[in-house]
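K.L.:
Attaching a single structure in structure tokens format; questions to follow.
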Amino acid sequence: MSLIDRRRARTRRALVEAATELFERKGYEGTTVADIAAAAEIGTRTFFSYFASKEDVLFPDADARVRAAVEIVKNHKAGEAPAQLLMRAMKYLASADNDLPGGFAALRLRLFRDVPAVRGRALQLLCEAMLEIAKHLAAAFPEQLDEASAVALSGAVTGAVLGALYHLLEKSDQALDPDPVALCDAGRQAIQVALAPWLRP
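So that you can map any letter, position 140 of the sequence shown is 140 in this note's numbering, and since no number is skipped, the others follow by simple counting.
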């Protein structure tokens, strides 16, 4: 990684840490982009070189995770079925250490539950990821999947994760932060159920 890349990574992390502290202290609606930029000691214009919006600060690793999933799909093992590959990619992403500040995952879940703008951005990113992964699945398995089948397979995973998320949040105590570990466990189980028809011999 070059010096410029390291500096950008530090600034990006500083913005995420500043946003996390401000969202906890002032609330999401009470925090502005200018507040986050000032806390990270950069200008407001510079903020937009790193994130397109306040919502995007809550999903700093979204692009990297999609790229990682696409690389797994592109470099699939010989004889690996599409559903097996997708299951492996999801397990990798779930276990990946995203190196974010403590409490960030719980904060993001709480804001997803409570703030429509955050929920909307999360759903948009999830749908974009689903379509991108599906495109590469179809390219990787041209004899087994057309584009519609690849979207159906990727969509099954997306729907499973969303269903697990909404179920967890519906059951969670509004006075407490949602449990990210419980979400990961529920998501893994839901994905196994969703992919079961494609995993049968």
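Cβ atoms here follow ideal geometry from the backbone N, Cα and C, with glycine treated the same way.
Expressed to the nearest angstrom, what Euclidean distance is found between the alpha-carbon atoms of L131 and E71?
P.N.:
So the alpha carbons of these two residues sit roughly 15 Å apart.
K.L.:
Who are the near neighbours of K74 in its chain, counting only those whose CB is closer than 7 Å to its CB and skipping five residues on each side?
P.N.:
Cβ within range, chain order: H136, A140.
K.L.:
List in chain order: all unbroken alpha helix (DSSP H) runs of 4+ residues lying wholly within the segment 21-102.
P.N.:
Entirely contained in the segment 21-102, the alpha helix (DSSP H) runs reaching 4 residues are, in chain order, 33-39, 44-47, 62-74, 82-95.
K.L.:
Which value, in whole angstroms, describes the spacing of the CA atoms of S172 and A190?
P.N.:
About 18 Å.
K.L.:
Which residue from A62, T11, T20, E21 puts its Cα closest to that of T44?
P.N.:
Comparing Cα positions, the closest option is T11.
K.L.:
When DSSP labels each residue in this structure, what does E143 get in the three-state scheme?
P.N.:
Note: E143 maps to coil in three-state DSSP.
K.L.:
Going by alpha carbons, who is nearest to D185 out of A156, A148, T46, L165?
P.N.:
Nearest C-alpha to D185: L165.
K.L.:
When burial is assigned at 16 or more other CB atoms within 10 Å of the CB, is V181 buried or exposed?
P.N.:
Counting Cβ neighbours within 10 Å, V181 comes out exposed, since fewer than 16 surround it.
K.L.:
How would you call D99, buried or exposed, if buried means at least 16 neighbouring beta carbons within 10 angstroms?
P.N.:
A caution first: D99 carries a pLDDT of 49, below 50, which makes its placement in the model unreliable, though a value can still be read off. D99 should be labelled exposed.
K.L.:
With a CB to CB cut of under 6 Å and the five nearest residues on each side skipped, what residues in its chain are close to A160?
P.N.:
Only A190, I191, A194 meet the Cβ criterion.
K.L.:
Counting only the same chain and skipping the five closest in sequence on each side, list residues whose C-beta sits under 7 Å from that of L93.
P.N.:
Cβ neighbours of L93 beyond the five flanking positions: R65, A68, A69.
K.L.:
Shortest alpha-carbon distance to M87 belongs to which of I133, E21, R8, A9?
P.N.:
Of the listed residues, the one whose Cα sits closest to M87 is I133.
K.L.:
Using the rule of at least 16 other Cβ atoms within 10 Å of the residue's Cβ for burial, across every protein chain shown, is A47 buried or exposed?
P.N.:
Residue 47 is actually Phe in this sequence, not Ala. That one is buried.
K.L.:
What would DSSP say about M1, mapped onto helix, strand or coil?
P.N.:
Coil.
K.L.:
Here's a check: name, in chain order, each residue in its chain whose Cβ is nearer than 8 Å to the Cβ of D97, leaving out the five neighbours to either side.
P.N.:
Since pLDDT at D97 reaches only 49, below the 50 mark, its modelled position is unreliable, and no value is offered.
K.L.:
In three-state DSSP terms, what is A178?
P.N.:
Residue identity check: residue 178 is Pro in the sequence provided, not Ala. Of the three classes helix, strand and coil, the one that applies to P178 here is coil, per DSSP.
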